[in-house]
Every structure is written in C-alpha cells, then in structure tokens.
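Asks:
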Amino acid sequence: MVSVEETSSGLCLHLDHAVCTLQAVTPNSFRVRMVTGDEMPDYFSYATLPQTPPVPHFSWQESDGLIHFDTDAMKIVVRKHPFGFIWQDGSGQSASGSVEKLAWRKSGAFLSQHFDAKTTWYGLGERAFHLALERRTYTLTTTDPEVYGPNDDPLYINIPFLLGVHGGKAFGLLFDRMSDGFLTLRQDGGIDYRIQGNEVRMDVITGPGPADVLARYADLTGHAPLPPLWALGYHQSRWSYESEAIVRDIASNFRNRQIPCDAIHFDIDYMDGFRCFTWNHDDFPDPKGLISDLHQDGFRAVGMIDPGIKVDQDYDVCADGVANDVFCKLPDGSLFHGPVWPGECYFPDFTSPRVRKWWGKWYRRLLDVGFDGFWNDMNEPTIFGRSTFPPAVQHDLEGRSAAHWQVHSAYGMQMVRATFEGLNALRPEHRNWVFTRSAYAGAQRYASCWTADNASTWEDLQITPAMLMNLGLSGMAFTGSDIGGFAGTPTPELYARWISMGAFQPFFRTHTIKHSPWQEPWRYGEEIEAVSRKYITLRYRLLPAIYTLFWQYTTRGAPMMRPMFFEDPTDEAFLLLDDQWLFGDHLLVAPVLEKNMTARQVLLPAGDWYDFWTDERLSGKQTVTRSAPLDVVPIYVRAGAVLPMGPEQQFTGEKPTSPLTLHLYPGSGVSWLYEDDGETLAYRSGVARASRFEMKKTSQGLILERQISGDYTPLYTKTQIIFHGVKISHATLDGRSLSVLNNQIEIDDNPWRQLIATFN
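First residue of the sequence shown? That's 0 in numbering that gives the first Met the number 0, and the numbers climb one at a time after it.
Here it is, written out as structure tokens:
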C-alpha cells in the first residue's frame, strides 16, 4: 500500500497501480471497491439505492502495518503488505471473512476470499440446484437456456448476492457488477470471484440473523411495491390461447366448474405478426369487448411484451423509434438488429431515461383495450442464433456510455423499469403489476418474476422449492414456477402434486408450451380437477394471511417462502432442508414431490404444532410421518398462531362483505393481519390497518390481545373466531360475555382489544 486518506464516508487506499475504497454505507454494512489505475471512478449502480445522509459514524487508526476501520456495528482490519483485509461485526460474534488475493488479468478482475469451511451459502438468484448451494463454479450472467433442468447453469436471472450462514449467524455479500463473471464456492469454504472489467465491487451486510440480513439488503437495493390483491390469486396461461373464442371458453370453464381464477394471460399470439403493442384482429376481432367481458366475470387480463421491435417502417412503433433515436447501435453508429419472433428486430436502449419514457407511453394502447397487468419476456436479452447482443453494442447508461458487455445482466431489469415507470405515469392511482423473465439485483423495485421454461418432470418439481426460496433470499420473493412444467406433458399425478404445492408459492400460475396438450385443471379427469379446485380454493381462503406476508415482504424484506433455517439457523438439519418450508410466520408446508408417494416425513421445529387438517397437536423437535394421499399436502400451524382466512370465492373481491375468520391455535405467540383496499395507493397515505395479535395460554384458557394501527375500515362487518384443538366453555370480548356455539364465536368488526376464552 502506498498511502491512505480519509473521505467523507470512509477511506481511500492507494495501492501499487490500483485504488481501493472502504465506505460505511449503513452501521451494519460497508462497501469495498477496487479498481486499477490512480483514481476511483464515480459510483454508479442499478442495484443499489442512492445513499442518503447521514453517513454512518466511523473511525480509523493505523498501527503496526494495519489499518483498523470501525463503524458502530462492524470492524475491518486492513493489512498493508501484502494487501488484504478481514471483516466481522462489532461484537466479533458474527461470521467473518477475509480477502486473500486481488488481481487483474486481461480477462478481468479476480478476488479471492476465505470463509470458514462450515459456512453454508444461499441465494445467487435463479439457480437450478439445492437450497444450500453446492461447492462449484456458478456463471454470473442472464441467458435463455430455452428449456432447463436440474443443475443447468446459468439461467434467466442473475442476482450476484450470497447469504452466508455459519454458527447460527448470517451475513450477505453483494457483488454488484452487471458484466459476465464467475463465482466459485470452494471446498475449503473460500470464494473466488472473476468478473469482466477492471472494477471489483462488494457490499458486505451483517445480521446477526437471516431476516436481519434480508431486511438490510432490501434497504440497500430497494423494497418491492405492494402488489394488487388480484395478482396473488390463481393465473391461467398458455403459449398461446390463440383466439377470442378459446379465451372465452377457458373463462367459461373456470366459472362453470367453480374453480377460482383471477387472471388469464395472453401470450405472443395475440399480437399482429408478433409486433409489440398491436393486436391480431383476425383471431381477436374485438379485444376491448373481450376484456370487458372478462372483467364482468371477475377476470383480469395480462399481456406479454418482448423488447424486440420488428424492423418495418410501416409499423408505427418501429418508425417512431427510429425517428426518436431510441434503438441500440453498433460502434459505427448503425442500428443493431437481430432475429427474434417477428423476424429482424431493433432493440430499445433501456439504459437511457429518454428511451424508457418513450417505451412507457406505448402501453397506453394496451391499457385502453383493458389489460390489467404485463409480462416482459425475452429480455435477457435473447437473440435467435447468437444467444444475445454482441458485446460491442452501445448503451447510454444514464449518459455515461457503455458497451453491452458492461451492462448485460441489467438489460431486462431496465426493460421492466421502463414498463413499470411507464404504467405509473399512465395510471398513477393504480398499483401497476409487471412480472419478468430476466432480472438483476434490485429488480424487485419494479417487477416480480418466475422460473420460466422448466419441464414436466418430477425432477423439475423437486428443485422448484429450492429455486423459489433462493430467489426469495436474493430479494425477488414474489416468484413462482410454471405449474405442471412448461415443456412436455405432466402426468395427472404430477400435475396434482404441482398445483397443490403451487398454492403455497407466491406467484401461482399454470403455463405451458405451444402445441402441447391442454394444461388447465380440468384436463386430467375428475379426481385431479377436484384436487386442483381444493387447493386453489384454499389459496383464496388464505389470502388474508398471504396478503399479510406480502406486506411483511414489502416493508421488511422477509420472503413469503422461508427456508426452515429461518426458524433456527443453528440447527444443521434445517440448513440443508429444501422440500418443506415456512409459508410466513406460522404455516409449515411439506408437499409431496416424488412419484407414487403417499406418506412423507416432516421435521417439526421447536414448540408445538397443529395438523392443519386434523387439529392434532404435536410436539416439536421431532420428525413425524404424515399420510399424504393425492389430495393431501401436509400442513402444520404453529401453536399460538392466529390464522386469518376469508370466504370461498371465485375471484378476489367477489365477496367483500363476507365475514373474516380468525382461526386460533392455542399457545403463546404473535401474529399479524394487514388490510387495505387491495387496489389503490391509498395505503401509502395511511389508509390501511395492521392488527397485531399476541396470544398467551393460561392454565384456564387463553388471552388474545389486539393492537391496531392505521386508518382503514374493511367492507366486512362480522368476524368469526374458531378455536382449534381445545373446547371453549366461555368467552369475553373487552369484558362482554359472548355466546360460544360449536367452538366458535361471531363478533362485530369493531376495534376490539382483548379476547379471553376459558377451556372446558
């Protein structure tokens, strides 16, 4: 090291032919940047939010060849010769790491770090592996593998964020570079990181717990917006429902068969020759009338849009884009074009604010027809025959200029940003909802996602929970899989197991490939239709609880699908378990993922648990074997939980005045219920209600205390309270006696504060 100087937020270390900065970002996180040359370039990131004052307090001192850099919650020790550093939390109890080697080669930068060999790693966005990431090399890029299976890498989403757990403590590492790279989890616990370009960037976040790390990661990269309630319902999709008549038939079958559904998706064939923002009027002669009728029947319409704009001067979107200079160019100034679904296409440069605004305005056409939500696809970006853009394609990068290889993984993220911001400009009073095939760190600010083109195999089903949980641990928790598999044909048994599991994943959609057999819930016979109806109906009944989980995600960064180690990161069995999960605070879901299986083992955490189906009370810290015929997903509810449920309904909002039901499972614990109108942005002005329930079990019964915040009055006026696992003889509400009938009570939805129930 040549010299050190203090900056406004940390230190600048001058090395031989390189510069390193240490920046206190928050009391619990710091950022290290290392670049060749004599000066550190200005900081720019699509992943992280701008740092806001005040700068966290920090101090430093130099002695005996070491530099000690401390914040209120972290300690970093820099070794001057040879250069390296060690970091840990302020208590010295958190998992720690050390930089062993930093080098620059023709292919890019290289960083090697040491961690304890017993560290377990999670995250890295979309990975078709087990939950606990294997010791191997992972490719950091976004790509379209067409159809993938277990152990295929890379995939569509690149989020270079690792969650590490060691000794019951957690920490996070964000390697924020948009160019391609590789990350190796070594057998000895170390990490090797290689990236194109001359800058290494790493944000370190301490816990101590996994939930603490994810909350701070959300603060760093941005919180997801609260989605409209309908987006949490069931979605039906296919590549493609190719005509108005087919769409009407699908909608009619859902309603006639009493299978709940909120959204029907329109894949690429609704367009005129695959041209974005157009309609195929031969097969969809009256799209506005069609979608109006869908709305009358309680459906929402979701349309797919790709980034490629067909090269055709008679196509107004293309002509306008050329006139307004919005498309990506080659270094010689000519427009880059490549083949996708419409043929040769130009591609908007979504790294330009001007272009994003131009893109957003075109959604007016689709909104005017009635579309409610949008799906952005092919945005890795994909080019037929060559995978993606040539590396030299030019981008604006917010006025900074860059080649495509420097921004590749963020192209899809900036496309959905353009879509989301455009919709917000067109419909500022709405909660606009977009989901995307490709994403980068921070994309949760604009869109949800899904795991894209899986296959109809048991092996694909088995890796799905781990894929979804690792996406959640990477900030993209509003995610799901194509129910039944995208490519291939599921057997009736496979479809039944997949759709029953899908009721407990955040995004709940069936989707399948072109020319495949139909994949709607009624296509597999009466038994599978009944199973599908049962679990889709249960999904709708659980929406008050699920919506509360989304509120926790958007405010605290907590994923809806929580790995079992969230419960106890000191339990080594939980660290590797990826075929069961916590769906929020109090539900444990353990679906059947293997062919011909009719029973399975479930590992219960500490405390008591109730079987959701039978009310049997079980002690925790044990493995139980649960019968699981085709129509049963083993589900357990934590003792002390208040589980809010709504009515059976065919679509969200069908029965707004039906009573809310609170299911009480005696024990001690805290539960939440979040409520708002589910549609508008009024909740941002306080028009929402959060109820905190604290249950205490006594020798005679239970006491339930309720605290309410916010200013929202729901449309329902009655609340039913159902007690599980015990017999109630008497109950009082705020001191008033209540009648108990069949272990249930019904009360007015007044802001009550205390319920006392006495057991027989």
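A virtual CB, placed ideally from N, CA and C, is assigned to each residue, including glycine.
Does the stretch 607-617 touch the stretch 224-242, meaning 3 or more C-beta pairs lie closer than 8 Å?
Replies: no
Asks: For the 8 Å Cβ check, are there 3 or more pairs between the stretch 303-322 and the stretch 345-364?
Replies: yes
Asks: So Thr-622 packs on Val-601, CB below 8 Å; how close in whole Å?
Replies: 7 Å
Asks: Run through DSSP, which three-state label would Thr-418 get?
Replies: helix
Asks: Mind reading off the beta-carbon distance from Ala-214 to Arg-555? Whole number of angstroms is fine, and I expect it under 8 Å.
Replies: Between Arg-555 and Ala-214 the Cβ distance is about 5 Å, and since that is below 8 Å, they are a contact.
Asks: Quick check on DSSP: helix, strand or coil for Cys-275?
Replies: coil
Asks: Who are the near neighbours of Phe-650 in its chain, counting only those whose CB is closer than 6 Å to its CB and skipping five residues on each side?
Replies: Cβ within range, chain order: Asp-261 and Gly-297.
Asks: Run through the DSSP bridge pairs and tell me what His-113 is partnered with.
Replies: Ser-97
Asks: Below 8 Å on the Cβ atoms is my contact criterion, and I expect Pro-259 with Ile-75 to pass it. Report the Cβ-Cβ distance as a whole number of Å.
Replies: 53 Å between Cβ atoms; not a contact.
Asks: Give every residue of the same chain whose Cβ lies closer than 7 Å to the Cβ of Arg-254, excluding the five residues on either side of it in the sequence, and list them in chain order.
Replies: Asp-296 and Gln-649
Asks: Could you work out which residue in Val-591, Val-392 and Asp-319 is closest to Gln-579 when comparing CA atoms only?
Replies: Val-591
Asks: Suppose the cutoff is 7 Å on Cβ atoms and the five residues either side in sequence are ignored; what does the same chain contact list for Asn-157 look like?
Replies: Gly-124, Leu-139, Thr-140, Thr-141, Ser-408 and Tyr-439
Asks: Might you give, ordered along the chain, the residues of its own chain that have their beta carbon closer than 6 Å to the beta carbon of Arg-134, omitting 5 neighbours on each side?
Replies: Leu-184 and Gln-186
Asks: Under the assumption that Val-54 contacts Val-34 (Cβ atoms under 8 Å), give the Cβ distance between them as a whole number of angstroms.
Replies: Going by Cβ atoms, the distance from Val-54 to Val-34 rounds to 21 Å, so no, they are not a contact pair.
Asks: Spatial neighbours of Ala-116 within its chain, please: C-beta separation below 6 Å, excluding the five flanking residues on both sides.
Replies: Asp-187 and Gly-188
Asks: Between the alpha carbons of Leu-537 and Glu-647, how many angstroms are there, rounded?
Replies: Cα-Cα distance, rounded: 8 Å.
Asks: Where does Leu-740 land, buried or exposed, given buried means 16+ other C-beta within 10 angstroms?
Replies: exposed
Asks: For the alpha helix (DSSP H) holding Ala-214, just list the boundary residues, first then last.
Replies: 209-220
Asks: Assuming Pro-658 and Tyr-715 are in contact, meaning their beta carbons sit under 8 Å apart, how far apart are those beta carbons, in whole angstroms?
Replies: 6 Å
Asks: Between which two residues does the beta strand (DSSP E) carrying Glu-693 extend?
Replies: In the DSSP assignment, Glu-693 falls within the unbroken beta strand (DSSP E) covering 688-696.
Asks: Which residues does DSSP list as the beta-bridge partners of Asp-311?
Replies: In the DSSP output, where bridge partners are listed per residue, Asp-311 has none listed.
Asks: Could you tell me whether the Cβ atoms of Gln-341 and Arg-274 are closer together than 8 Å?
Replies: The question names Gln, but residue 341 in the sequence shown is Pro. Taking 8 Å as the Cβ cut-off, Pro-341 and Arg-274 qualify as a contacting pair.
Asks: Kindly indicate which residue of Met-475, Ser-386, Phe-383 and Ser-400 has the alpha-carbon position closest to the one of Met-412.
Replies: With distances taken between Cα atoms, Met-412 lies closest to Met-475.
Asks: Grab the span of the beta strand (DSSP E) containing Gly-122 for me, first residue to last.
Replies: 119-122
Asks: What's the call for Phe-43, buried or exposed, on a 16-neighbour Cβ count within 10 Å?
Replies: exposed
Asks: Jot down the residue ranges of each uninterrupted beta strand (DSSP E) in the stretch 587-668, minimum 3 residues, whole runs only, in chain order.
Replies: 598-603, 607-610, 616-618, 621-626, 634-637, 641-644 and 659-663
Asks: Jot down the residue ranges of each uninterrupted beta strand (DSSP E) in the stretch 231-292, minimum 3 residues, whole runs only, in chain order.
Replies: Residue ranges of uninterrupted beta strand (DSSP E) with 3 or more members, entirely inside the stretch 231-292 and ordered along the chain, are 233-235 and 262-265.
Asks: Using 8 Å as the threshold, is the stretch 142-151 in touch with the stretch 159-168, meaning 3 or more CB pairs across them?
Replies: no
Asks: Along the chain, where does the alpha helix (DSSP H) that runs through Tyr-494 open and close?
Replies: 491-501
Asks: Between which two residues does the alpha helix (DSSP H) harbouring His-403 extend?
Replies: If you look at His-403, you'll find it in the alpha helix (DSSP H) that goes 403-406.
Asks: Reducing DSSP to helix, strand and coil, say where Val-339 ends up.
Replies: Strand at Val-339.
Asks: Do Ser-670 and Val-631 come within 8 Å of each other at the CB atom, strictly closer than that value?
Replies: no
Asks: Whose CA, out of Ile-267, Ser-242 and Ala-250, lies closest to the CA of Pro-286?
Replies: Checked all of Ile-267, Ser-242 and Ala-250; the closest Cα to Pro-286 is Ser-242.
Asks: Please report the distance separating the alpha-carbon of Leu-467 from that of Thr-220.
Replies: 19 Å
Asks: I need the DSSP call for Tyr-137, collapsed to helix, strand or coil.
Replies: strand
Asks: Which partner residues does Gln-706 have in the DSSP bridge list?
Replies: Arg-691
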